[in-house]
Amino acid sequence: NGRPVFTIVVLGASGDLAKKKTFPALFGLFLHGHIAPQTRIVGYARTKMDRPDFLKRISQHIKNTTTPKVKVALDQFLDQCTYVSGVYDQDGGFQDLEKELKRVEHECKVQDRLFYMALPPSVFIPVANGLKKNCYTTKGINRLIVEKPFGMDLESSRTLSKALGALYREDEIYRIDHYLGKEMVKNIMILRFTNQIFGSCWDRDHISNVQITFKEKIGTEGRGGYFDEFGIMRDVMQNHLFQILSLIAMEAPASLNAEDIRNAKVDVLRTIPPVIESEVLLGQYGRSEDGAHPSYLEDDTVPKGSKTATFAAAAFHIHNPRWEGVPFVLKCGKALDQQKVEIRIQFKEMAANNNNLFGKDVAARNELVIRVQPEEAVYLKMTQKLPGLGMETVMSELNLSYNSRFTNLQVPDAYENLILDAIMGEQSNFVRSDELDEAWRIFTPILHKIDRHDGSIPVEVYPYGSRGPKQLPEFIRRFGFERHLQP
Ligand code: BG6
Numbered sequence: 008n009g010r011p012v013f014t015i016v017v018l019g020a021s022g023d024l025a026k027k028k029t030f031p032a033l034f035g036l037f038l039h040g041h042i043a044p045q046t047r048i049v050g051y052a053r054t055k056m057d058r059p060d061f062l063k064r065i066s067q068h069i070k071n072t073t074t075p076k077v078k079v080a081l082d083q084f085l086d087q088c089t090y091v092s093g094v095y096d097q098d099g100g101f102q103d104l105e106k107e108l109k110r111v112e113h114e115c116k117v118q119d120r121l122f123y124m125a126l127p128p129s130v131f132i133p134v135a136n137g138l139k140k141n142c143y144t145t146k147g148i149n150r151l152i153v154e155k156p157f158g159m160d161l162e163s164s165r166t167l168s169k170a171l172g173a174l175y176r177e178d179e180i181y182r183i184d185h186y187l188g189k190e191m192v193k194n195i196m197i198l199r200f201t202n203q204i205f206g207s208c209w210d211r212d213h214i215s216n217v218q219i220t221f222k223e224k225i226g227t228e229g230r231g232g233y234f235d236e237f238g239i240m241r242d243v244m245q246n247h248l249f250q251i252l253s254l255i256a257m258e259a260p261a262s263l264n265a266e267d268i269r270n271a272k273v274d275v276l277r278t279i280p281p282v283i284e285s286e287v288l289l290g291q292y293g294r295s296e297d298g299a300h301p302s303y304l305e306d307d308t309v310p311k312g313s314k315t316a317t318f319a320a321a322a323f324h325i326h327n328p329r330w331e332g333v334p335f336v337l338k339c340g341k342a343l344d345q346q347k348v349e350i351r352i353q354f355k356e357m358a359a360n361n362n363n364l365f366g367k368d369v370a371a372r373n374e375l376v377i378r379v380q381p382e383e384a385v386y387l388k389m390t391q392k393l394p395g396l397g398m399e400t401v402m403s404e405l406n407l408s409y410n411s412r413f414t415n416l417q418v419p420d421a422y423e424n425l426i427l428d429a430i431m432g433e434q435s436n437f438v439r440s441d442e443l444d445e446a447w448r449i450f451t452p453i454l455h456k457i458d459r460h461d462g463s464i465p466v467e468v469y470p471y472g473s474r475g476p477k478q479l480p481e482f483i484r485r486f487g488f489e490r491h492l493q494p
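Each number in full-length UniProt numbering corresponds to the 1-based position in the sequence shown with 7 added.
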C-alpha cells in the first residue's frame, strides 16, 4: 500500500500496557491492511518465556476473533511476532535484541525501526540508552514511541527530556498522549476551523465558560500502587485534559504542519498562570452508599492512610485577547456516577443583547457539547418554541450522534491512530517537549503543595458512584457555570 515499512520493537512486551493496548492496536492495523504484511514485531521484556507463551499472552486481549477472516489474520499476525527476553540495564539483552532485529530485517528487507517503550518510568532512560548503544540503526530511520508518565513535575520532566534529548533527536521521539488519538479530539480542529458558525463566536464576547470533564465509574481496582504515587491530577488532568484544553483554546495554527500546530498549542499554554490553591477542589472516594464498593483506602494496593486525590477540579485562566475572563474548568475523577468524557462550552445569554425581549428564564444559555466518549456526539443546546398554540419555549438539541449519523463507519482506536501516525512520521498528535514543559510549569506549584499533605488543601471524601465531592456544584458556579433551569 506504499506505506513505509518498519520493524516494530515493543519494549515491556509482557506488561499490562503492551497486552491491553499496544498489541491489540498493532493487530487492528494489521487486520485492516494499514501495516504492511512484511512488518515484523519483536517483543522484548525481562520475563523469560518461550515464543508460544508470548503469543498466547499477547493474544489475550485481542477481541472478536471468532469470524474466520479475523482468525486467519490473527494467525498471520502472530507468525510475524517474535520475542527476546533480557534485562533493561545491561547490554547483553540489547545485543540479543540486535541479533534478532538483524535476522528479521534481512528476511524482510526492511531497514527502519520503531521502538515502542511500554515501560515503567524507572527503566525509561536505561532502556533508551541500551537501545541507542546497541540497536540504533545507521542504515535507516529510528523512531521511539514513549508513554507517560513524563516525570512527576517540571524538574523531573526536564531531567528526563534532557537525558532523552542527549540520545535522540526531537523528530525521533514520539511522546504519546493517547487522548490525541481519539476521534473526537482529532475532530476539534476541524469543528473550529471549518465551520463559520463556531469560528465566529469562539471567544470571550460569546463564551461564558468552558468545562472539560473526565469521569470514570471504576476506582483504582488493583492499580492503586501506580496511581497513588501520581494522583488524578498527574494521571489525567495535566496530560489528557490539558491537551483538550490546548486544542479548544489555541489560535488557528499557521498551517496544518505538525510544528505549526504544536507552536499554536504552546503559545496558548504560555498565557496560563499556574493553578492556585483556592481554585482547586480535591476528593477521594469512600465506600459506596450501599456498601457494595470499597473505598480507595480499602484497595489493597493503596498505601494505608493515603491522602492521594482520586477526584480533582481546577480552574485555568487564559490571558490573551480571545479568552480574557473566560474560565476553563477541568474536572476528573474515578469511582463516579458515570463513565464520560466531554467538553461543554457554555455561551453567554442572549438576553443582555436584545432588550430583554425574552428574559433569561426563557432564553437559557446555549451550550455546545462535544462528547469524546462513550458514544461520540456533538450537540448544541438551544431554545426554541414549544410546538403548540402558545409562545412557550423549550430547551432542545441540535444533535449529531455518531451512532445514528455514521452507521457504517467505525471509530478507530486511539492507539491504532497514533501508531500509524508514528509509522507515517506524522508528529502533530504527539507531545513536543516544550509543550510538556509548559504543562508542568502550570501544574508543578500546586502539585508540590498537594504532595505535602499538610491539610492546606482539603481532600473531601465522596461516596463511590456519586457525582464527586458535595462542594462541586458550588465550585463550578464560582467560575460562571449555570445549570440549565429548563430540562
Ligand atoms: C490513562 C490513565 O492514561 O488514561 C488511567 O492512566 C485512565 O487512569 C485512562 O483510566 C483513561 O483512558 P481512556 O482511553 O479509557 O479514557
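No residue lacks a Cβ here, since even glycine has one placed at the ideal position from N, Cα and C.
This structure is a prediction, so every number in the text was calculated from the model and none was measured.
Asked	Found
Span separating the alpha-carbon of Pro394 from that of Arg439	52 Å
Within 8 Å, strictly: CB atoms of Ile483 and Val336	yes
Terminal residues of the alpha helix (DSSP H) in which Ile268 lies	265 to 277
Rounded C-alpha distance that separates Glu442 from Glu258	15 Å
His68 Cβ short of 7 Å to ligand 1 heavy atom set	no
Stretch-stretch touch, CB-based, cutoff 8 Å, three pairs: the region 168 to 188 with the region 414 to 434	yes
Residue interval of the alpha helix (DSSP H) (run including Phe200)	190 to 201
8 Å contact criterion, which Thr317 and Gly290 should meet: CB distance rounded	7 Å
Length of the line joining the Cα atoms of Gln102 and Pro44	26 Å
One or two residues paired with Glu374 in a DSSP bridge	Gln353, Lys388
Proximity test, Cβ basis, 8 Å: Leu198 and chain D	Any reference to chain D falls outside this structure, which holds one protein chain only.
Where Glu423 sits in the DSSP three-state scheme	helix
For Pro470: DSSP bridge partner residues	Gly293
Closer than 7 Å: Gln380 CB and nearest ligand 1 heavy atom	yes
Ala25 (DSSP reduced to helix, strand or coil)	helix
Simplified DSSP assignment, three categories, for Cys208	coil
For Tyr471 and Ser302, believed in contact at Cβ under 8 Å, the rounded distance	7 Å
Sequence-distant residues of its chain with Cβ nearer than 7 Å to Ala429 (five each side left out)	Leu121, Arg150, Ile152, Tyr181
heavy atom of ligand 1 below 7 Å from Glu228 C-beta	no
Cβ neighbour criterion (16 or more within 10 Å) applied to Asp242	buried
Under 8 Å between C-beta atoms of Arg378 and Ala371	no
Spatial neighbours of Lys55 in its chain, beta-carbon cut-off 7 Å, leaving aside the 5 residues before and after	Ser92
Where Lys28 falls, given that 16 or more other Cβ within 10 Å makes a residue buried	buried
Spatial neighbours of Leu405 in its chain, beta-carbon cut-off 6 Å, leaving aside the 5 residues before and after	Leu387
Reduced DSSP category for Lys456 - H, G, I as helix; E, B as strand; rest coil	helix
Helix, strand or coil at Pro494 according to DSSP, with G and I counted as helix	Legend: pLDDT at Pro494 = 45, less than 50; position of this residue unreliable, no value from coordinates given.
Inter-stretch contact at 8 Å, needing at least 3 Cβ pairs: the region 454 to 469 / the region 254 to 270	no
Secondary structure of Ala305, DSSP reduced to three states	Sequence inspection shows Glu at residue 305; the Ala mentioned does not correspond to that position. Reduced to three states, the DSSP call for Glu305 is helix.
Closer than 7 Å: Asp368 CB and nearest ligand 1 heavy atom	no
Local conformation of Asn136 per DSSP, three classes	helix
Alpha carbon of Pro494 to alpha carbon of Val369, nearest angstrom	Residue confidence is low: Pro494 scores 45 on pLDDT, short of 50, so the model does not pin down where it sits. Its coordinate-derived value is still stated next. Cα to Cα, the separation comes out at about 12 Å.
Cα-Cα separation between Lys355 and Gly475, rounded to whole angstroms	26 Å
Secondary structure of Phe106, DSSP reduced to three states	It is worth fixing the name first, because residue 106 is Lys in this sequence and not Phe. Correct three-state label for Lys106: helix.
Contact the region 122 to 130 vs the region 154 to 163: 3+ CB pairs below 8 Å	yes
Heavy atom of ligand 1 within 7 Å of Glu423 beta-carbon	no
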